[in-house]
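Trainee: So the protein sequences, as listed, match chains V and E. As numbered in UniProt numbering, residues 1 to 488 make up the first sequence, in order. As numbered in UniProt numbering, residues 1 to 488 make up the second sequence, in order.
Number of protein chains: 2
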Amino acid sequence: MTKNIWEEFAINAKDKMPLYKQIIHQVEGMVHDGRLKPGTRLPSERKMAKLLNVSRMTITLANEEMKARGMVRSHQGSGTFILRGPRAKEVERDLDLPVEFAYPTGEINQGMDEIMRHGENTHLINLAGVGTAPEVHPGIELSQCFSEHLRKNPILLQLPSPTQGYEPLRLEMISWLKKVKIEVKLNEIMIVSGAMQGLDLISRLFLKPGDYVVMEEPGFLGAADAFKATGAKILRITLDEEGIRLDSLENMLMQFPIKFIYVNPTYQNPTGVTMSLKRRKKLLELCSKYGVLIVEDDPFSLLYFEDKPAPPIKSLGSDNVIYIQSFSKYLYPGIRLAVLVANEGIIHNLSKVKQRVDLHSNNLTQIALHAYISEGNLENHIWKLKSAYLERLHLMKELLNEGPYIHCKLPEGGVFLWCKVPKEIPTDRLLEFAVKNGFTFVPGNWMSGVGMFENYIRLAYTHPSLEWLKKGIKLLHHTILEYKEYQF
Amino acid sequence: MTKNIWEEFAINAKDKMPLYKQIIHQVEGMVHDGRLKPGTRLPSERKMAKLLNVSRMTITLANEEMKARGMVRSHQGSGTFILRGPRAKEVERDLDLPVEFAYPTGEINQGMDEIMRHGENTHLINLAGVGTAPEVHPGIELSQCFSEHLRKNPILLQLPSPTQGYEPLRLEMISWLKKVKIEVKLNEIMIVSGAMQGLDLISRLFLKPGDYVVMEEPGFLGAADAFKATGAKILRITLDEEGIRLDSLENMLMQFPIKFIYVNPTYQNPTGVTMSLKRRKKLLELCSKYGVLIVEDDPFSLLYFEDKPAPPIKSLGSDNVIYIQSFSKYLYPGIRLAVLVANEGIIHNLSKVKQRVDLHSNNLTQIALHAYISEGNLENHIWKLKSAYLERLHLMKELLNEGPYIHCKLPEGGVFLWCKVPKEIPTDRLLEFAVKNGFTFVPGNWMSGVGMFENYIRLAYTHPSLEWLKKGIKLLHHTILEYKEYQF
Numbered sequence: 001m002t003k004n005i006w007e008e009f010a011i012n013a014k015d016k017m018p019l020y021k022q023i024i025h026q027v028e029g030m031v032h033d034g035r036l037k038p039g040t041r042l043p044s045e046r047k048m049a050k051l052l053n054v055s056r057m058t059i060t061l062a063n064e065e066m067k068a069r070g071m072v073r074s075h076q077g078s079g080t081f082i083l084r085g086p087r088a089k090e091v092e093r094d095l096d097l098p099v100e101f102a103y104p105t106g107e108i109n110q111g112m113d114e115i116m117r118h119g120e121n122t123h124l125i126n127l128a129g130v131g132t133a134p135e136v137h138p139g140i141e142l143s144q145c146f147s148e149h150l151r152k153n154p155i156l157l158q159l160p161s162p163t164q165g166y167e168p169l170r171l172e173m174i175s176w177l178k179k180v181k182i183e184v185k186l187n188e189i190m191i192v193s194g195a196m197q198g199l200d201l202i203s204r205l206f207l208k209p210g211d212y213v214v215m216e217e218p219g220f221l222g223a224a225d226a227f228k229a230t231g232a233k234i235l236r237i238t239l240d241e242e243g244i245r246l247d248s249l250e251n252m253l254m255q256f257p258i259k260f261i262y263v264n265p266t267y268q269n270p271t272g273v274t275m276s277l278k279r280r281k282k283l284l285e286l287c288s289k290y291g292v293l294i295v296e297d298d299p300f301s302l303l304y305f306e307d308k309p310a311p312p313i314k315s316l317g318s319d320n321v322i323y324i325q326s327f328s329k330y331l332y333p334g335i336r337l338a339v340l341v342a343n344e345g346i347i348h349n350l351s352k353v354k355q356r357v358d359l360h361s362n363n364l365t366q367i368a369l370h371a372y373i374s375e376g377n378l379e380n381h382i383w384k385l386k387s388a389y390l391e392r393l394h395l396m397k398e399l400l401n402e403g404p405y406i407h408c409k410l411p412e413g414g415v416f417l418w419c420k421v422p423k424e425i426p427t428d429r430l431l432e433f434a435v436k437n438g439f440t441f442v443p444g445n446w447m448s449g450v451g452m453f454e455n456y457i458r459l460a461y462t463h464p465s466l467e468w469l470k471k472g473i474k475l476l477h478h479t480i481l482e483y484k485e486y487q488f
Numbered sequence: 001m002t003k004n005i006w007e008e009f010a011i012n013a014k015d016k017m018p019l020y021k022q023i024i025h026q027v028e029g030m031v032h033d034g035r036l037k038p039g040t041r042l043p044s045e046r047k048m049a050k051l052l053n054v055s056r057m058t059i060t061l062a063n064e065e066m067k068a069r070g071m072v073r074s075h076q077g078s079g080t081f082i083l084r085g086p087r088a089k090e091v092e093r094d095l096d097l098p099v100e101f102a103y104p105t106g107e108i109n110q111g112m113d114e115i116m117r118h119g120e121n122t123h124l125i126n127l128a129g130v131g132t133a134p135e136v137h138p139g140i141e142l143s144q145c146f147s148e149h150l151r152k153n154p155i156l157l158q159l160p161s162p163t164q165g166y167e168p169l170r171l172e173m174i175s176w177l178k179k180v181k182i183e184v185k186l187n188e189i190m191i192v193s194g195a196m197q198g199l200d201l202i203s204r205l206f207l208k209p210g211d212y213v214v215m216e217e218p219g220f221l222g223a224a225d226a227f228k229a230t231g232a233k234i235l236r237i238t239l240d241e242e243g244i245r246l247d248s249l250e251n252m253l254m255q256f257p258i259k260f261i262y263v264n265p266t267y268q269n270p271t272g273v274t275m276s277l278k279r280r281k282k283l284l285e286l287c288s289k290y291g292v293l294i295v296e297d298d299p300f301s302l303l304y305f306e307d308k309p310a311p312p313i314k315s316l317g318s319d320n321v322i323y324i325q326s327f328s329k330y331l332y333p334g335i336r337l338a339v340l341v342a343n344e345g346i347i348h349n350l351s352k353v354k355q356r357v358d359l360h361s362n363n364l365t366q367i368a369l370h371a372y373i374s375e376g377n378l379e380n381h382i383w384k385l386k387s388a389y390l391e392r393l394h395l396m397k398e399l400l401n402e403g404p405y406i407h408c409k410l411p412e413g414g415v416f417l418w419c420k421v422p423k424e425i426p427t428d429r430l431l432e433f434a435v436k437n438g439f440t441f442v443p444g445n446w447m448s449g450v451g452m453f454e455n456y457i458r459l460a461y462t463h464p465s466l467e468w469l470k471k472g473i474k475l476l477h478h479t480i481l482e483y484k485e486y487q488f
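(1) Output yes if chain E places a C-beta closer than 8 Å to the C-beta of V:L207; else output no.
(2) Taking 7 Å as the limit between beta carbons, can you name the residues of its chain near V:S448, skipping five residues before and five after?
(3) When the cut-off is 8 Å and only beta carbons count, does E:P160 lie next to chain V?
(4) With a threshold of 8 Å between beta-carbons, can V:M447 be considered close to chain E, or not?
(5) Nearest to V:M452 by alpha carbon, out of V:L207, V:N264, V:K423, V:G317?
(6) I need the boundaries of the alpha helix (DSSP H) containing V:K259, first residue and last residue.
(7) So, with DSSP's three-state summary, where would you put E:G472?
(8) Looking only at its own chain, which residues have a Cβ that is under 8 Å from the Cβ of V:P43, when we skip the five neighbours before and after it?
(9) Identify, in the order they occur along the chain, each residue of the same chain with its Cβ nearer than 6 Å to the Cβ of E:M48, setting aside the five sequence neighbours on each side.
(10) Can you give the Cα-Cα distance for V:N4 and V:R35, rounded to whole angstroms?
(11) Looking at chain E, which residues of the segment 123-135 of chain V have a Cβ within less than 7 Å of any of its Cβ atoms?
(12) Select from E:A133, E:A102, E:A342 the residue whose C-alpha is nearest the C-alpha of E:L466.
(13) Here's the rule: buried if 16 or more other CB atoms are within 10 angstroms of the residue's CB, otherwise exposed. What is E:P18?
(14) Run through chain E and tell me which residues come within less than 8 Å of V:Y332, C-beta to C-beta.
(15) Going by DSSP, what residues sit across from E:S74 in a beta bridge?
(16) Which of the three DSSP states is assigned to V:S326 in this structure?
(17) Taking 8 Å as the CB-CB limit, is E:P154 close to chain V?
(18) In terms of DSSP beta bridges, what is E:D420 paired with?
(19) Suppose the cutoff is 8 Å on Cβ atoms and the five residues either side in sequence are ignored; what does the same chain contact list for V:R429 look like?
(20) Residues bridged to V:P443 by DSSP?
(21) Quick check on V:K185: buried or exposed, where buried means 16 or more other Cβ atoms within 10 Å of its Cβ?
(22) Please classify E:P265: is it buried, with 16 or more other beta-carbons within 10 angstroms of its beta-carbon, or exposed?
(23) Considering just the uninterrupted stretch of the alpha helix (DSSP H) at E:Y389, what are its terminal residues?
(24) Give me the DSSP bridge partner(s) of V:L61.
(25) Out of V:H407, V:S288, V:K259, state which residue places its alpha-carbon closest to the alpha-carbon of V:R318.
(26) Which of helix, strand or coil does DSSP assign to V:I189?
(27) In whole angstroms, what separates the C-alpha of V:F416 from that of V:Y262?
(28) From the DSSP secondary-structure annotation, give me the bridge partner or partners of V:V341.
(29) Kindly say whether E:I140, judged by its beta-carbon, lies nearer than 8 Å to any beta-carbon of chain V.
(30) Quick check on DSSP: helix, strand or coil for V:G194?
(31) Given that E:M190 touches chain V, what residues does it touch there, using C-beta distances under 9 Å?
(32) Per DSSP, which one or two residues make a beta bridge with E:E217?
(33) Measure from the alpha carbon of V:K409 to the alpha carbon of each residue in V:P311, V:A368, V:R458, V:E379, then state which is nearest.
(34) Consider the Cβ of E:E120: report whether some Cβ of chain V lies at a distance smaller than 8 Å.
(35) Within the same chain, show all residues whose beta-carbon is closer than 7 Å to that of E:E8, passing over the 5 residues directly before and after it, in chain order.
(36) In angstroms with no decimal places, state the Cα-to-Cα distance between V:K420 and V:V273.
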């Protein structure tokens, strides 16, 4: 490749297409026709701006979008590189019909499928999916409480089920949410079938092709799938120790038709980082200024080990924030219930969408959850969970320190560890060895929108029994050694 | 209006736009600028074809699509008329945000909202929504069975929950579906959160703007909403005593990009009509010929009073059919569970969509349903239901005959009556009087895609207690008299 390829770029300031888009377009064309090979390093932003005679901000925007699209990737310190071309679309419709699919099944992340599939294989030690530790699983207690409650009130299953949720449960949520300092009225609450459904309803109500969503890099892959299913694009922003970085956000807000910013501010999935109060305020201020919504996913914040984390962004008081609290981590994932809080107008419209999607969440589980919470059981249960998880966390620390290759920062709460392994170990390859050896985890790059974090892994420590957890970490050390040997 | 307005039509055979579309386009423009007034009768198809110098089939196609779009309506014997212009879009977003919605909230049928809202008002006698008669409600029995089952197998709530559904329940479905003569393999079955979710998943997988769906006129309004939410259009076909008419279907299949045909062949909602076996076979043959899917909604067929109805189209053996059996009518609507049967490739892809929508249906209810069915309870329960509903049906017949204005054909199964009232009574107006008097029903035109069936009502007889049911029908007679007096 000649060094002068960048000079072949034809950027025209008079063209209607914004400059950064022209740049992306040119890069795309050059990758397509082979003039730009995967692995090629892009000139620095400063140099590129000079070469193309555009502002540096234009280059930043182009790079951010190319990262979001997975066209390039950045390595801190070493620059930005063209990624390998898009993977060939999976062809696996074993149906013999002349019918085309409308849903973008080929573009969704396969990570979630694999996490689910591995989770179903009960012979594997599951360090990938987040479950509930068997020693503190509330299933039996929850169902006893439910049967007792129903015995006393046999009419309950015959009551109407509004789309916004079982009313006694929604009323209970008003006081429950005070625990996280959220003050809310009944019509600002709806019950959804898990946070995933909340994200799907929000996506369907607000997003269409051409819209943009900003989310953390790395971040929750299920959320990314829900957004992409609408045809919207995702812009990714990395985190520092205070949460999502805001330095490039304002530029993005000015340049892109952004519909909302999706964040998981407390014990973020997967990094465990908690956004500082100052950052929460600043994010809210920026989004209010640009009239952009914040979607706040808060599944872990009651699982703090010592100090309470900063309160949810929603509690800082704004109609701009849609807040989701899932019960998957506080009870167990199979319960598929979450509470969604937003301004009344948004709730009203989300309910309209939900009505066309499943009418309402099933009443049996809602009645069970209401019985459990209203008798004070959930609060007690969360104390039990925290003590069990803190014990597990200490165990993990000890076990992980037994080998030289895994480095994790201990989180202040939540349900997993974000760990770094040596640079030469791509963890999605390592996973193949792991599955062969009998355990699973989530490779870092599955949580990335731009193919980064290849030498990271997410370890959930809540699913297996203590015995299997120990065994799993031993196998992890063993598997890394095995992989390193195989490499050389 | 001059008689010659039809001669102003500018149809150009050389134009790329199909002729029938040109006609629709012209009608639209003329309604818009006021040259064609609501109520104007269109010339007969034969005459119109001659006037515009096009084939009669072109006129049929244009009329069918205009009906489907709600632009015109037909009265048998008296011709086709321009309808009143589209209603002003509801403006009710009480949110003060500069955010646009992507979901077509303004275009959805408000009927479902009203049925749900009235259902939540427990002071109203509910003849609108389909519920489970209180004297045979299985709630207590189901939950006792569930608790007992869980006590014996305390690990159940800790098991992984695959997106396709709780495996023991799916296995149970293999034998359950034999009752309706459907022979199926495990990978051809998935569990969904109610038939509504099944229809939503199918719509999202297959439909995009520009696609067409054929459904019965009148037909299930929830289904129409699910299809329209994707931007697809609906073509409506009326029924005769053997089910959906097939005489115009083949023309439609040739002319429109139809993705699937949605039918409810047994005790059709709302007419109660059951499609004959001959018609089922012919429909399947036509759809196979044109490579079009059939979506078969079968929520009532086990609720036959005397003779078993014809077997489901799915049982006639074809990969072209997606079959949905809801448990809402066999147990109770709040349970939100249905079984969906299709070719393995379709199930695989529907599961991918479901994974992004809610991961999986909640396990508590799936385990409860499995326990209930596997112990033979559901089969016994359905016998109880049938005897209770037959009793109610006879009661209804007697009560309805007490007044002179309501005429219903008794159905051979299912959960409601489709009744005709005098022509001068538009039943959506009547509903306002009914609600004031303390009861509800579904006005016929809510089930229509083209504003027909204005003097029909759908009466569900399964929801209220027997006492309230009697009271409700008395109130119905009274309300019709009141409305007639008010009119004159």
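Ideal Cβ placement from N, Cα and C applies to all residues, glycine included.
Mentor: In short, the structure shows the following:
(1) yes
(2) E217, P218
(3) yes
(4) no
(5) V:K423
(6) Note, V:K259: premise wrong, no alpha helix (DSSP H); beta strand (DSSP E) at 258-263.
(7) helix
(8) W6, L51
(9) I59
(10) 11 Å
(11) P134
(12) E:A133
(13) exposed
(14) L157, Q158
(15) E:T80
(16) strand
(17) yes
(18) According to the sequence provided, residue 420 of chain E is Lys. The question's Asp does not apply to it. E:K420 is bridged to E:H407, E:Y456.
(19) Y483
(20) V:I457
(21) exposed
(22) buried
(23) 377-400
(24) Answer by DSSP bridge pairing: none, since V:L61 is not bridged.
(25) Here residue 318 of chain V turns out to be Ser, not Arg, going by the sequence shown. It is V:S288.
(26) strand
(27) 20 Å
(28) V:I189, V:Y323
(29) yes
(30) coil
(31) Per Cβ cutoff of 9 Å: no residues; E:M190 is ~13 Å from chain V at best.
(32) E:T238
(33) V:R458
(34) yes
(35) none
(36) 15 Å
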